[in-house]
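Asker: Pasting a structure here, questions to come.
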Amino acid sequence: MHNPIRSAAGPSGPGRAKVLASSLALTIAAFGSVAAVSAGTASAANTYPPVVTQDYAVGTAASSVSNVTAAVSPTTPNTAATYSVKFTTPSALTVGAGASSITIAGTGIPSISLASVADLNSGFAATEPVTALVGGNVTITLSNSAGSINAGDTVLVSMQATTPSVPMSTSYTFAVSTSANTTPVDAAAAVTITPSITAPTASQSSQVLGAGSTYGLSGIQVLTSTAVTSTTLTLANCSAPAVTGNGQSSTNPCTTAGGITWSAAAGSYSVTELTGTAATAAITVTGVSVAGDTATLSISGGPTGGILQAGDTLSVTATGTNPTASQSDALVIGVPVPAQYYEESGNTVSFGGQVSGVTVAPSPATAGSTATYVVNFSTSSTGALSAGQSIKIVAPKGVGFTSSVGAVVTDTTTGVSEVVAGVNNGLTTTTNADDTLVLPVNMNIGAGNAVSVTLFNVTNPATGSYAGANGFQVSTTTDLIASTNATAVVITPPVVTTESPIVTLSNSATGGLSNYTIASFKAVSALVGGTDTIEVQAPSGTLLPSAATLTDATTNSGTQTMSVVTGAGTNDATYKLTTNVAANDVLSLTLSGVVNPGTASTTNQVTLGADNATTNATVAGTQGLGAIAPTFPTAGVAAGYPDAAIVAFGSTIYVFAGGHAFGIPTPAALGGIQAVDNAKIQTAPSGATVPAAAPAIGAVIVAYNNPTIYVVGTDGQLHGFATPAQFLSDGYDPADVITVPGTGGLTVGATAGTVGAGANAAATGANGAIVNSSGTFYVFAGGKAFGIPTPAALTAVRAADMAAPLSGTVTAAQTGATVRNGTLITYNSAVYVVSGGNAFEFKSMAQLQADGYSGTPSIVVPNLGGMGLVTTYSGS
Numbered sequence: 041m042h043n044p045i046r047s048a049a050g051p052s053g054p055g056r057a058k059v060l061a062s063s064l065a066l067t068i069a070a071f072g073s074v075a076a077v078s079a080g081t082a083s084a085a086n087t088y089p090p091v092v093t094q095d096y097a098v099g100t101a102a103s104s105v106s107n108v109t110a111a112v113s114p115t116t117p118n119t120a121a122t123y124s125v126k127f128t129t130p131s132a133l134t135v136g137a138g139a140s141s142i143t144i145a146g147t148g149i150p151s152i153s154l155a156s157v158a159d160l161n162s163g164f165a166a167t168e169p170v171t172a173l174v175g176g177n178v179t180i181t182l183s184n185s186a187g188s189i190n191a192g193d194t195v196l197v198s199m200q201a202t203t204p205s206v207p208m209s210t211s212y213t214f215a216v217s218t219s220a221n222t223t224p225v226d227a228a229a230a231v232t233i234t235p236s237i238t239a240p241t242a243s244q245s246s247q248v249l250g251a252g253s254t255y256g257l258s259g260i261q262v263l264t265s266t267a268v269t270s271t272t273l274t275l276a277n278c279s280a281p282a283v284t285g286n287g288q289s290s291t292n293p294c295t296t297a298g299g300i301t302w303s304a305a306a307g308s309y310s311v312t313e314l315t316g317t318a319a320t321a322a323i324t325v326t327g328v329s330v331a332g333d334t335a336t337l338s339i340s341g342g343p344t345g346g347i348l349q350a351g352d353t354l355s356v357t358a359t360g361t362n363p364t365a366s367q368s369d370a371l372v373i374g375v376p377v378p379a380q381y382y383e384e385s386g387n388t389v390s391f392g393g394q395v396s397g398v399t400v401a402p403s404p405a406t407a408g409s410t411a412t413y414v415v416n417f418s419t420s421s422t423g424a425l426s427a428g429q430s431i432k433i434v435a436p437k438g439v440g441f442t443s444s445v446g447a448v449v450t451d452t453t454t455g456v457s458e459v460v461a462g463v464n465n466g467l468t469t470t471t472n473a474d475d476t477l478v479l480p481v482n483m484n485i486g487a488g489n490a491v492s493v494t495l496f497n498v499t500n501p502a503t504g505s506y507a508g509a510n511g512f513q514v515s516t517t518t519d520l521i522a523s524t525n526a527t528a529v530v531i532t533p534p535v536v537t538t539e540s541p542i543v544t545l546s547n548s549a550t551g552g553l554s555n556y557t558i559a560s561f562k563a564v565s566a567l568v569g570g571t572d573t574i575e576v577q578a579p580s581g582t583l584l585p586s587a588a589t590l591t592d593a594t595t596n597s598g599t600q601t602m603s604v605v606t607g608a609g610t611n612d613a614t615y616k617l618t619t620n621v622a623a624n625d626v627l628s629l630t631l632s633g634v635v636n637p638g639t640a641s642t643t644n645q646v647t648l649g650a651d652n653a654t655t656n657a658t659v660a661g662t663q664g665l666g667a668i669a670p671t672f673p674t675a676g677v678a679a680g681y682p683d684a685a686i687v688a689f690g691s692t693i694y695v696f697a698g699g700h701a702f703g704i705p706t707p708a709a710l711g712g713i714q715a716v717d718n719a720k721i722q723t724a725p726s727g728a729t730v731p732a733a734a735p736a737i738g739a740v741i742v743a744y745n746n747p748t749i750y751v752v753g754t755d756g757q758l759h760g761f762a763t764p765a766q767f768l769s770d771g772y773d774p775a776d777v778i779t780v781p782g783t784g785g786l787t788v789g790a791t792a793g794t795v796g797a798g799a800n801a802a803a804t805g806a807n808g809a810i811v812n813s814s815g816t817f818y819v820f821a822g823g824k825a826f827g828i829p830t831p832a833a834l835t836a837v838r839a840a841d842m843a844a845p846l847s848g849t850v851t852a853a854q855t856g857a858t859v860r861n862g863t864l865i866t867y868n869s870a871v872y873v874v875s876g877g878n879a880f881e882f883k884s885m886a887q888l889q890a891d892g893y894s895g896t897p898s899i900v901v902p903n904l905g906g907m908g909l910v911t912t913y914s915g916s
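Encoded structure:
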């Protein structure tokens with residue numbers, strides 16, 4: 041059952057403290073209801089070490105730049121313009137003597153006359169020579185002046201060029217590399233030069249096969265650059281257009297003719313000028329000549345007898361007869377002077393029936409699982425299928441249709457079934473933005489019959505709800521109009537059933553220096569200090585340190601620093617205990633100063649074993665270590681220290697924001713914080729050190745005794761907001777402002793208004809930020825961008841998130857990021873805390889309060905982003 045966790049304004053209620061300068065009052069948002077989950081018990085004693093951890097990822101080697109974006113202004117043809125390319129360099133670049141170089145490669149890059157380079161962090165800026173322009177590649181040598189471009193800095197290259205004169209939209213692609221990082225990385229989106237052309241819109245009055253219909257094209261633009269006299273227009277219909285966009289010059293717009301039969305009567309056509317020089321003058325169709333797929337219209341009228349000028353916009357209507365077979369056709373319009381320019385409709389017109397009653401049911405329905413899908417539908421009254429025809433299923437992005445998919449097609453009306461088993465029997469798969477499966481049928485299926493398709497070995501997509509245009513669509517050879525009304529498919533997060541320890545890295549870069557925390561496992565048998573050892577075997581290429589800290593969560597005396605016996609600087613090290621550890625104590629291991637392997641992988645594992653030997657010949661040993669259920673991460677342990685957590689380290693109390701510890705100097709400061717922060721004070725484990733981490737980019741803070749709100753910018757500095765309106769317009773959710781005692785010694789930089797868009801929530805990826813990236817919305821939580829799949833999901837997010845949506849570019853790194861430990865999220869009315877890449881579900885309000893999360897903002901997300909769901913755990 042679910043226990044309601046409701047809104048509260050007093051100290052007893054958890055929630056998202058909404059604080060905005062002195063003008064915003066404290067309110068608490070509802071968490072919704074939380075599933076009741078029984079705490080798990082430890083697994084049966086594992087007397088057969090070693091213990092193997094869950095997989096962990098070591099990221100891509102720093103051999104390429106990142107965060108590449110490109111832009112051009114203005115975007116009009118035949119105009120002097122500035123092309124800008126921005127990226128983050130993982131390596132320092134040499135300026136002046138021995139200069140490094142930057143190469144910008146791509147298709148269709150115009151001739152560059154001038155290039156300037158700036159480091160947006162160090163302040164370096166110079167005009168640099170273009171030393172090569174070969175095959176569309178621009179190479180810029182950083183030789184003109186002194187300065188520095190440091191590792192991790194953001195570099196901006198601006199280039200002056202004249203955009204070409206194009207009759208249609210033209211895209212330029214850019215990829216960036218440097219002499220220090222030679223692997224090219226594409227910009228997040230192409231730069232497009234467009235002469236303000238939009239495709240005309242096609243329409244039809246009937247989809248019935250063989251029926252008479254009226255067809256329309258609206259928004260036709262005259263593309264000629266000067267006024268011309270045109271006495272004809274051509275109208276074609278194509279099942280396979282030769283035209284691939286607007287403004288194409290061609291002698292024939294169709295590769296294959298469509299099925300529409302045009303009327304031969306001039307009175308069946310009309311041409312109207314919507315905008316332009318003759319907006320009020322009638323244009324008359326005086327005659328029509330039909331040849332195959334093309335109707336040529338003779339026109340007269342307009343201001344001086346059919347004169348059309350660049351910028352004029354027309355609409356055309358025509359009558360005819362629909363094709364007698366199911367198909368989709370494009371409508372194409374052409375103006376024949378001074379050359380034959382065609383515009384293809386931005387949508388197609390389809391003829392035939394549509395299946396109905398589409399239901400889709402996967403089993404199991406957990407993200408990433410291999411599942412069996414049952415797809416049911418009924419053919420239309422004209423949708424009979426015969427041998428050699430096919431059923432087409434278009435699935436949401438992320439559904440895995442591969443050659444291993446098998447299928448059973450059943451006509452449930454007649455009871456006849458057939459098996460389609462693999463590509464050798466005609467199974468066709470195409471992986472695009474959506475995954476498409478075409479199933480041939482070798483039997484007859486009657487019109488109006490019920491059909492069931494069972495698909496085997498399909499891989500489920502990410503967690504989320506898939507429906508409507510974002511859901512499954514079914515069509516057939518005869519029912520060509522795809523359905524968009526399939527029942528919603530809800531994919532749930534995978535449940536973490538393994539009890540293997542979780543490895544958490546402070547830095548996952550290949551070759552990087554990192555601290556490893558391995559939690560949790562247990563001592564199956566008593567371990568003897570001075571005699572027994574723990575062996576750690578990491579993936580090849582990992583370099584382990586000379587000391588390790590063993591934390592005993594059950595008995596404080598078992599917490600100790602162990603020195604290496606053998607294997608320091610290798611991937612297989614043995615450490616000797618100094619004090620005893622009792623049987624069944626819950627343990628974790630911290631390894632500081634580990635060097636990550638140089639090869640990226642998502643399937644790394646650490647193997648642990650205990651023995652009374654001092655060699656590391658094998659990880660298996662005579663002393664026992666065992667796996668246990670994951671330990672619930674309270675706010676007072678080093679599992680992320682959530683926002684607004686208040687934790688006592690010895691006699692000093694700290695409040696956390698963005699993972700950074702702000703010391704609370706006085707009882708008055710503590711009282712000021714607790715006036716808006718409901719978190720119960722937690723006590724850090726004995727011997728735990730105060731984290732020294734800098735606050736996460738995008739963290740938002742306000743001092744209890746000062747109305748100015750600050751955000752941690754991409755430069756690591758604090759940037760203040762002048763007004764509440766500015767704060768809100770920059771896309772921040774006031775629920776995610778954390779109250780602290782002061783700036784904590786952090787550098788206060790320029791005001792947010794001075795920084796501009798570089799300080800808004802889209803740039804910083806702040807908790808709760810909602811970003812529209814090329815039409816797809818995302819919400820940020822813990823540094824990760826969660827894709828919002830449907831308008832309904834966006835509405836649900838915005839119902840609890842006050843952030844103003846912004847436009848910006850969401851990168852693959854942001855969508856693929858691991859959520860920061862300690863982040864609280866709300867999904868489907870349940871509340872979770874993230875730790876080690878998994879989502880731990882709270883079982884009650886009392887647990888949330890007792891574990892120190894009552895003041896932590898919870899971000900509403902549309903899915904769990906592929907995280908594992910932990911419902912059975914030890915601890916709280």
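Quick note: the sequence shown uses the working numbering, first residue 41, plus one each step.
Glycine is no exception: its CB is placed at the ideal position from the N, C-alpha and C atoms.
Decide if Thr223 is buried, meaning its Cβ has at least 16 other Cβ atoms within 10 Å, or exposed.
Answerer: If you number the sequence shown from 1, residue 223 lands on position 183. Exposed: under 16 other Cβ atoms inside 10 Å.
Asker: Taking Gly393 as part of the beta strand (DSSP E), name the residues at either end of that continuous run.
Answerer: For this step, residue 393 is matched to residue 353 along the sequence shown. Premise fails: Gly393 is in no beta strand (DSSP E) and is neither H nor E.
Asker: In this structure, does DSSP put Phe767 in helix, strand or coil?
Answerer: Mapped onto the sequence shown, residue 767 falls at position 727. Correct three-state label for Phe767: helix.
Asker: In chain order, what residues of the same chain lie with their CB nearer than 6 angstroms to the CB of Asn868, ignoring the 5 residues before and after it?
Answerer: Taking the sequence shown and counting its residues from 1, one reaches residue 868 at position 828. Answer for Asn868: no residue qualifies.
Asker: With DSSP as the reference, please indicate the residues paired to Pro402 in a beta bridge.
Answerer: Here residue 402 refers to the residue found at position 362 when the sequence shown is read from its first residue. Answer by DSSP bridge pairing, in chain order: Tyr413.
Asker: Measuring straight from C-alpha to C-alpha, what distance separates Ser814 and Thr830?
Answerer: Working through the sequence shown from its first residue, we reach residue 814 at position 774. Working through the sequence shown from its first residue, we reach residue 830 at position 790. Straight-line spacing of the CA atoms in Ser814 and Thr830 works out to 15 angstroms.
Asker: Count the other C-beta atoms from every protein chain shown that fall within 10 angstroms of the C-beta of Val248, then say buried if there are 16 or more, exposed otherwise.
Answerer: Position 208 of the sequence shown, counted from the first residue, corresponds to residue 248. Per the 10 Å Cβ criterion, exposed.
Asker: Quick one: grab the DSSP three-state call for Ile713.
Answerer: Stepping through the sequence shown from its first residue, residue 713 is reached at position 673. If DSSP states are grouped into helix, strand and coil, Ile713 belongs with the helices.
Asker: Might you give, ordered along the chain, the residues of its own chain that have their beta carbon closer than 6 angstroms to the beta carbon of Lys432, omitting 5 neighbours on each side?
Answerer: As a first step, residue 432 is located in the sequence shown; it is residue number 392 there, counting from the start. Result list for Lys432: Val478 and Ser515, in chain order.
Asker: With H, G and I counted as helix, E and B as strand and the rest as coil, what does DSSP make of Met602?
Answerer: On the sequence shown, position 562 is the one that residue 602 refers to. Strand, per DSSP.
Asker: What are the residues that DSSP puts in a beta bridge with Gln778?
Answerer: Translated into the one-based positions of the sequence shown, residue 778 becomes position 738. Note on identity: in this sequence residue 778 is Ile, with Gln being the wrong assignment. In the DSSP output, where bridge partners are listed per residue, Ile778 has Ile741.
Asker: So, are the CB atoms of Gly446 and Thr518 less than 8 angstroms apart?
Answerer: Translated into the one-based positions of the sequence shown, residue 446 becomes position 406. Translated into the one-based positions of the sequence shown, residue 518 becomes position 478. In this structure, Gly446 sits away from Thr518, with a CB-CB distance that is not shorter than 8 angstroms.
Asker: For Asn277, I'd like the list of residues in its chain whose CB is within less than 6 angstroms of its CB, leaving aside the five on either flank, ordered along the chain.
Answerer: The residue labelled residue 277 in the question sits at position 237 within the sequence shown. So the qualifying residues of the chain are Gly298, Ile300, Asp333, Asp369 and Leu371.
Asker: Quick check on the burial criterion: 16 or more other C-beta atoms within 10 angstroms. Buried or exposed for Val859?
Answerer: The residue you call residue 859 lines up with position 819 of the sequence shown. It counts as buried.
Asker: Measure the C-alpha to C-alpha separation of Val328 and Val262 and round it to an integer number of angstroms.
Answerer: Against the sequence shown, residue 328 aligns to sequence position 288. Against the sequence shown, residue 262 aligns to sequence position 222. If I take the Cα positions, the gap works out to 20 angstroms.
Asker: Considering only their Cβ atoms, is the gap separating Gln600 from Leu590 smaller than 8 angstroms?
Answerer: The count along the sequence shown starts at 1 and reaches residue 590 at position 550. The count along the sequence shown starts at 1 and reaches residue 600 at position 560. Yes.
Asker: Give me the Cα-Cα distance between Ala220 and Ser188, rounded to the nearest whole angstrom.
Answerer: Mapped onto the sequence shown, residue 220 falls at position 180. Mapped onto the sequence shown, residue 188 falls at position 148. Their backbone Cα atoms lie some 14 angstroms apart in a straight line.
Asker: In chain order, what are the residue ranges of uninterrupted beta strand (DSSP E) at least 3 long that sit wholly in the segment 648-695?
Answerer: Complete beta strand (DSSP E) runs here, min 3: 665-667 and 686-689.
Asker: Would you kindly work out how many angstroms separate the C-alpha atoms of Ala762 and Leu710, rounded to a whole number?
Answerer: Locating residue 762 in the sequence shown gives position 722, counting from the first residue. Locating residue 710 in the sequence shown gives position 670, counting from the first residue. Looking at the two C-alpha atoms, the distance is approximately 26 angstroms.
Asker: Have a look at Ile521, Ser492 and Asn387 and flag the residue whose alpha-carbon is nearest the alpha-carbon of Ser366.
Answerer: Working through the sequence shown from its first residue, we reach residue 366 at position 326. The shortest Cα separation from Ser366 among Ile521, Ser492 and Asn387 belongs to Ile521.
Asker: Are the Cβ atoms of Ile749 and Ala697 separated by less than 8 angstroms?
Answerer: Position 709 of the sequence shown, counting from 1, holds the residue named residue 749. Position 657 of the sequence shown, counting from 1, holds the residue named residue 697. Against a cut-off of 8 angstroms, the Cβ pair of Ala697 and Ile749 comes out as no contact.
Asker: So within the segment 812-851, which uninterrupted beta strand (DSSP E) runs reach at least 3 residues, ignoring any that extend past its ends?
Answerer: 816-821 and 824-828
Asker: Helix or strand or just coil, what does DSSP make of Met907?
Answerer: Stepping through the sequence shown from its first residue, residue 907 is reached at position 867. Coil.
Asker: For a cutoff of 8 angstroms on Cβ pairs, would you count Phe820 as touching chain D?
Answerer: You won't find chain D in this structure, because it holds only one protein chain.
Asker: Do you know offhand how far Ile865's Cα is from Pro902's?
Answerer: Along the sequence shown, read from residue 1 onward, the residue named residue 865 stands at position 825. Along the sequence shown, read from residue 1 onward, the residue named residue 902 stands at position 862. Each residue's alpha carbon lies about 10 angstroms from the other.
Asker: Would you call the CB atoms of Pro541 and Ala559 closer than 8 angstroms?
Answerer: For the purposes of this step, residue 541 is taken as residue 501 along the sequence shown, with counting starting at 1. For the purposes of this step, residue 559 is taken as residue 519 along the sequence shown, with counting starting at 1. Yes. Within cutoff.
Asker: Going by the CB atoms, is the gap between Ser586 and Val604 shorter than 8 angstroms?
Answerer: Residue numbering aside, residue 604 sits at position 564 when the sequence shown is read from its first letter. Residue numbering aside, residue 586 sits at position 546 when the sequence shown is read from its first letter. Result yes, Cβ atoms of Val604 and Ser586 sit closer than 8 angstroms.
Asker: Report all residues from its chain with a CB closer than 7 angstroms to the CB of Thr181; omit the five preceding and five following residues, and keep chain order.
Answerer: As a position in the sequence shown, residue 181 is number 141, starting the count at 1. If we look at Thr181 and ignore the five residues flanking it on each side, its Cβ neighbours are Ala139, Ser141, Glu168, Pro169 and Thr171.
Asker: Within the same chain, show all residues whose beta-carbon is closer than 7 angstroms to that of Asn465, passing over the 5 residues directly before and after it, in chain order.
Answerer: Along the sequence shown, read from residue 1 onward, the residue named residue 465 stands at position 425. Note on Asn465: pLDDT 38, under 50, position unreliable in the model; the coordinate value appears next. Taken in chain order, the list of residues that qualify is empty.
Asker: Among all the DSSP beta bridges, which residues are the ones paired with Val456?
Answerer: Taking the first residue of the sequence shown as 1, we reach residue 456 at position 416. Note: Val456 sits in a beta bridge opposite Asp451.
Asker: Under DSSP, the alpha helix (DSSP H) around Gln757 begins and ends at which residues?
Answerer: Taking the first residue of the sequence shown as position 1, residue 757 is located at position 717. No alpha helix (DSSP H) holds Gln757; DSSP gives it neither H nor E.
Asker: Assuming Asp475 and Phe441 form a contact by the criterion Cβ under 8 angstroms, report the distance between their Cβ atoms to the nearest whole angstrom.
Answerer: Mapped onto the sequence shown, residue 475 falls at position 435. Mapped onto the sequence shown, residue 441 falls at position 401. Correct: roughly 5 angstroms between the Cβ atoms.
Asker: Leaving aside the five residues before and after Leu545 along the sequence, list all residues of the same chain whose C-beta is less than 7 angstroms from its C-beta, in chain order.
Answerer: By 1-based counting over the sequence shown, the position of residue 545 is 505. Its chain contains Tyr96, Ser554 and Tyr556 as the residues whose beta carbon lies nearer than 7 angstroms to that of Leu545, once the 5 sequence neighbours on both sides are disregarded; these appear in chain order.
Asker: Within the continuous alpha helix (DSSP H) that includes Met885, where are the two ends?
Answerer: For the purposes of this step, residue 885 is identified with residue 845 of the sequence shown, where counting begins at 1. It spans Met885 to Ala890 - the alpha helix (DSSP H) in which Met885 sits, taken as one unbroken run.
Asker: When you compare each of Thr614, Ala613, Gly609 and Val626 to Ser597 by their alpha carbons, which one comes out closest?
Answerer: Within the sequence shown, numbered from 1, the residue matching residue 597 stands at position 557. The option with the nearest alpha carbon to Ser597 is Val626.
Asker: Where do the N-terminal and C-terminal ends of the alpha helix (DSSP H) with Val646 fall, by residue?
Answerer: Counted from its first residue, the sequence shown places residue 646 at position 606. Premise fails: Val646 is in no alpha helix (DSSP H) and is neither H nor E.
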